[in-house]
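Visitor:
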Amino acid sequence: MRGFLASSLASSIGVTCAAALVLPLAPPASAASPSAANSGARPAPTAVRQAVQPPAALPGSTQSLPLVPLTGDRVIGPAVPEQGLSRDHVRPFSLVGVVWNDPDAVLHGRVQVRTRASGTGAWSGWQDVQTHNDDGADPDAAERTSGHVRGSTAPLWVGDSDGVDVRVRAEGERRTDDTARGTRTATAFAPLPAGLRLELVDPGPQTAPRAVPPLARTDSEAGTSDTSDAPGDRGLGAESAESLTASAANAELAPLGATEIPELGRAATESEQRTLRGAELTEVQRTNPFIGPRPRIITRRGWGADESLRDRGFVYTKKVKAAFVHHTASGNGYRCSQAASVIRGIYRYHVRSMGWRDIGYNFLVDKCGNIYEGRAGGVAKPVLGAHTLGFNTNSMGIAVLGSFGSAKPPAAALKAIARLTAWKLGLYGANPRGKTYLKSGGGNLYRKGKSVRLNVISGHRDGFATDCPGRQLYRKLGTARTTAARYQGR
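Per our numbering, residue 561 is the first one in the sequence shown, and the count goes up by one each step.
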């Protein structure tokens, strides 16, 4: 069902009544970028009068614990800046990370954690946490300049745990100086960033998706929308409204409240492309759509996103010219049945710990090849993400759950990348094997304003100096480009 009005949703969901509430389904004008009107995205219905059952509070929590200087036996030589924390008993958690005050400060050092498994009481060995979390919004974006953003490590998935040790040790640099008495070699240590805190994230248990709130009747009354925008003022109505708003952003692809967007065959996908893109299709696309069949996508409702966490509204760019592939650097120790929990953990870490408006990636892929909707706003629309600092405009970010510096990415994940890019890039007429130009918003590889020629399917490291998406995944991107182009019929 595509392009349907809110009135047609009532019959597909069922009706029971608790309390009437008018819910805005279109993002407020102030939440969208100036280019949103030209994004090619069809607006959601203006308003829906909704009767809701009070939803149970979504599970999940974040413990934020300040690190303290570590003391030990002093040895000859300079003091090494080192901070840490040890807790034998904390509330259960499954994902860890370290954050600090200044998002521009770099942690020159090593971060290690070990955790105690819930139930067994067994402690893990020490694990390294990737110190540089290079995903981020562009420097001048409102999301980046909000004043709430923090520096951070990458998150690490550790499984159900109730005890933790963490140590952060500065990295030394050996320097040789000439003195009156000859050459002297010394080790200098950069200070650790201020405000180091350990973040322990509990994404909540893996449970079935929440039931869809029943729809009472449609209404287009103006001036009756919920106008509360304060992050701390989100009660029952606000949470329900945001949940429906996120779902309604995909209204042309699936019914309101759907936990997944089903795959389509080629003919149906081409018909959908004409519906979604309309007059914006080029002459070439009208003659030959060059689009891959739409893959199955698990929605935010499907993986259990708590929509009250993120900022209200959606921000769009004009089009999708390129896809940047990432890995989450969160480790490979999860089962596919836990993937939704991992994503909820990353989502909470990005928003509550790092200070982003929403999860940074537009899509995520697990080791079994399942594709998940990331940042809210509609999977077919050009949603502005926070994934490749300097190149978020007119691009999308796809993150594979895991770490692929030495581990090889599963074939199922590579196929999912190819299928997803063949469809989403095809909507906007992009050739997966081609090149495109993006203007840099500023970063550590390209100055702000520089027009950069990139592969249409690029790795994160192509736009930013980073190891992401890991050496093993990066070397497979050529295969992903070829496969995606074949899915498009090129």
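Glycine residues also receive a C-beta, built at the ideal position from the N, C-alpha and C atoms.
With DSSP collapsed to three states, give me the class of Tyr876.
Guide: Start at 1 with the first residue of the sequence shown, and residue 876 comes out as number 316. Note: Tyr876 maps to strand in three-state DSSP.
Visitor: For a quick check, are the C-beta atoms of Arg1041 and Val1016 less than 9 Å apart?
Guide: As a first step, residue 1041 is located in the sequence shown; it is residue number 481 there, counting from the start. As a first step, residue 1016 is located in the sequence shown; it is residue number 456 there, counting from the start. Going by C-beta atoms, Arg1041 is nearer than 9 Å to Val1016.
Visitor: Can you have a look at Pro822 and say buried or exposed, based on whether 16 or more other CB atoms are within 10 angstroms of its CB?
Guide: Sequence index remark: in the sequence shown, residue 822 carries index 262 (1-based). When all chains shown are included, Pro822 counts as exposed.
Visitor: Counting only the same chain and skipping the five closest in sequence on each side, list residues whose C-beta sits under 6 Å from that of Gly915.
Guide: By one-based count along the sequence shown, residue 915 stands at place 355. Shown here for Gly915: same chain residues with a beta carbon closer than 6 Å to its own, the five before and five after excluded, namely His708, Val709, Arg710 in chain order.
Visitor: Contact check, Ile851 vs Trp983 under 8 Å by CB: the rounded distance?
Guide: In the sequence shown, counting from the first residue as 1, residue 851 sits at position 291. In the sequence shown, counting from the first residue as 1, residue 983 sits at position 423. Confirmed, about 6 Å.
Visitor: What are the start and end residues of each continuous alpha helix (DSSP H) run of 4 or more residues lying completely inside the segment 634-698, in chain order?
Guide: none
Visitor: Would you list the residues sitting across from Thr622 in a DSSP beta bridge?
Guide: The residue you call residue 622 lines up with position 62 of the sequence shown. According to DSSP, Thr622 bridges with Val761.
Visitor: What does Val943 pair with, by DSSP beta-bridge criteria?
Guide: By one-based count along the sequence shown, residue 943 stands at place 383. Note: Val943 sits in a beta bridge opposite Tyr876.
Visitor: Based on the DSSP secondary-structure assignment, which residues constitute the bridge partners of Glu812?
Guide: Residue mapping note: residue 812 aligns to position 252 of the sequence shown, counting from 1. DSSP output for Glu812 lists no bridge partner at all.
Visitor: In the DSSP assignment, the beta strand (DSSP E) including Val911 goes from what residue to what residue?
Guide: As a position in the sequence shown, residue 911 is number 351, starting the count at 1. Counting along the chain, Val911 falls outside any beta strand (DSSP E), and DSSP gives it neither H nor E.
Visitor: Evaluate Lys881 with the Cβ neighbour count: other Cβ atoms within 10 Å of its Cβ, from every protein chain shown; 16 or more gives buried, anything less gives exposed.
Guide: As a working mapping, residue 881 is identified with position 321 in the sequence shown. Buried: at least 16 other Cβ atoms inside 10 Å.
Visitor: Suppose you measure from the CA of Arg1021 to the CA of Arg1031; what does that come to, to the nearest Å?
Guide: Along the sequence shown, read from residue 1 onward, the residue named residue 1021 stands at position 461. Along the sequence shown, read from residue 1 onward, the residue named residue 1031 stands at position 471. Each residue's alpha carbon lies about 10 Å from the other.
Visitor: Among Ser621, Leu645, Gln623, Ser624, which one has its Cα closest to the Cα of Leu630?
Guide: Residue 630 sits at position 70 when you count from the first residue of the sequence shown. With distances taken between Cα atoms, Leu630 lies closest to Leu645.
Visitor: Do you know offhand how far Phe884's Cα is from Ala976's?
Guide: Position 324 of the sequence shown holds residue 884. Position 416 of the sequence shown holds residue 976. C-alpha separation (whole angstroms): 14 Å.
Visitor: How would you call Trp660, buried or exposed, if buried means at least 16 neighbouring beta carbons within 10 angstroms?
Guide: Taking the first residue of the sequence shown as position 1, residue 660 is located at position 100. Its Cβ being crowded by 16 or more others within 10 Å, Trp660 is buried.
Visitor: Can you grab the Cα-Cα spacing for the pair Asn954 / Ala811, in whole Å?
Guide: The residue given as residue 954 occupies position 394 in the sequence shown. The residue given as residue 811 occupies position 251 in the sequence shown. Between Asn954 and Ala811, the C-alpha separation is close to 22 Å.
Visitor: Contact defined as beta carbons within less than 8 Å: I believe Arg834 pairs with Pro853. What is the distance between those atoms, to the nearest angstrom?
Guide: As a first step, residue 834 is located in the sequence shown; it is residue number 274 there, counting from the start. As a first step, residue 853 is located in the sequence shown; it is residue number 293 there, counting from the start. With a Cβ gap of about 15 Å, Arg834 and Pro853 do not count as contacting.
Visitor: Please list the terminal residues of the continuous alpha helix (DSSP H) segment that includes Gly986.
Guide: Here residue 986 refers to the residue found at position 426 when the sequence shown is read from its first residue. Looking at the DSSP string, the run of the alpha helix (DSSP H) that includes Gly986 is 971-987.
Visitor: Less than 8 Å between C-beta atoms, sequence neighbours within five positions excluded: which residues of the same chain meet that for Glu820?
Guide: Here residue 820 refers to the residue found at position 260 of the sequence shown. The answer, listed in chain order, is Ala814, Arg856, Ile857, Ile858, Thr859, Gly862.
Visitor: Among Leu987, Val640, Pro652, which has the Cα closest to the Cα of Ser624?
Guide: Within the sequence shown, residue 624 is the residue found at index 64, counting from 1. The option with the nearest alpha carbon to Ser624 is Pro652.
Visitor: Give the DSSP-derived three-state secondary structure of Gly905 in the structure shown.
Guide: In the sequence shown, counting from the first residue as 1, residue 905 sits at position 345. Gly905: helix per DSSP, three-state reduction.
Visitor: For Lys879, does the count of other Cβ atoms within 10 angstroms reach 16, so buried, or fall short, so exposed?
Guide: By 1-based counting over the sequence shown, the position of residue 879 is 319. Buried is the call here.
Visitor: Taking Cβ positions, are Asp762 and Gly657 nearer each other than 9 Å?
Guide: Working through the sequence shown from its first residue, we reach residue 762 at position 202. Working through the sequence shown from its first residue, we reach residue 657 at position 97. Cβ distance not < 9 Å, so Asp762 and Gly657 don't count as in contact.
Visitor: Measure the C-alpha to C-alpha separation of Ser678 and Arg846 and round it to an integer number of angstroms.
Guide: Stepping through the sequence shown from its first residue, residue 678 is reached at position 118. Stepping through the sequence shown from its first residue, residue 846 is reached at position 286. Straight-line Cα distance between these residues: approximately 57 Å.
Visitor: Does the structure place the segment 921-929 close enough to the segment 886-898 that three or more beta carbon pairs sit under 8 Å?
Guide: yes
Visitor: Compute the beta-carbon to beta-carbon distance between Gly1001 and Lys1008, rounded to the nearest angstrom, for a pair I have assumed lies under 8 Å.
Guide: The residue labelled residue 1001 in the question sits at position 441 within the sequence shown. The residue labelled residue 1008 in the question sits at position 448 within the sequence shown. Right, their Cβ atoms sit about 6 Å apart.
Visitor: For Ala597, which three-state DSSP category applies?
Guide: Looking up residue 597 in the sequence shown gives position 37. Residue confidence for Ala597 is low, a pLDDT of 36 falling below 50, so the modelled location carries little weight; the figure read from the coordinates is stated next. Reduced to three states, the DSSP call for Ala597 is helix.
Visitor: Pick out whichever of Leu824, Gly817, Gly669, Ala818 has its Cα sitting closest to the Cα of Ala750.
Guide: Here the question's residue 750 lines up with position 190 in the sequence shown. Looking at the Cα atoms, Gly669 is the closest of the given residues.
Visitor: Is the beta carbon of Lys941 less than 9 Å from the beta carbon of Phe874?
Guide: Position 381 of the sequence shown, counted from the first residue, corresponds to residue 941. Position 314 of the sequence shown, counted from the first residue, corresponds to residue 874. One thing to note: Lys941 has its Cβ within 9 Å of the Cβ of Phe874.
Visitor: What does the alpha-carbon distance come out to for the pair His886 and Ala702?
Guide: The sequence position of residue 886 within the sequence shown is 326, counting from 1. The sequence position of residue 702 within the sequence shown is 142, counting from 1. Rounded to whole angstroms, His886 to Ala702 spans 23 Å at the Cα level.
Visitor: Applying the criterion that 16 or more other CB atoms from any shown protein chain within 10 Å of the CB defines a buried residue, is Asp871 buried or exposed?
Guide: Sequence index remark: in the sequence shown, residue 871 carries index 311 (1-based). Buried: at least 16 other Cβ atoms inside 10 Å.
Visitor: Starting from Ser1018, trace the beta strand (DSSP E) both ways and give me its first and last residue.
Guide: Within the sequence shown, the letter at position 458 stands for residue 1018. Per DSSP, Ser1018 belongs to the beta strand (DSSP E) from 1017-1019.
Visitor: In whole angstroms, what separates the C-alpha of Tyr689 from that of Ala889?
Guide: Taking the first residue of the sequence shown as 1, we reach residue 689 at position 129. Taking the first residue of the sequence shown as 1, we reach residue 889 at position 329. The sequence shown places Val at residue 689, rather than the Tyr named in the question. Those two C-alpha atoms are separated by around 8 Å.
Visitor: By a C-beta neighbour count over all protein chains shown, 10 Å radius and 16 as the cutoff for buried, is Lys1036 buried or exposed?
Guide: Sequence index remark: in the sequence shown, residue 1036 carries index 476 (1-based). Label assigned to Lys1036: buried.
Visitor: Have a look at Arg908 and Asp695 and give me their C-alpha separation to the nearest angstrom.
Guide: Looking up residue 908 in the sequence shown gives position 348. Looking up residue 695 in the sequence shown gives position 135. C-alpha separation (whole angstroms): 15 Å.
Visitor: Given a cut-off of 9 Å, decide if Leu667 and Val728 are closer than it, judged by their beta-carbon atoms.
Guide: Mapped onto the sequence shown, residue 728 falls at position 168. Mapped onto the sequence shown, residue 667 falls at position 107. Contact flag set, yes.
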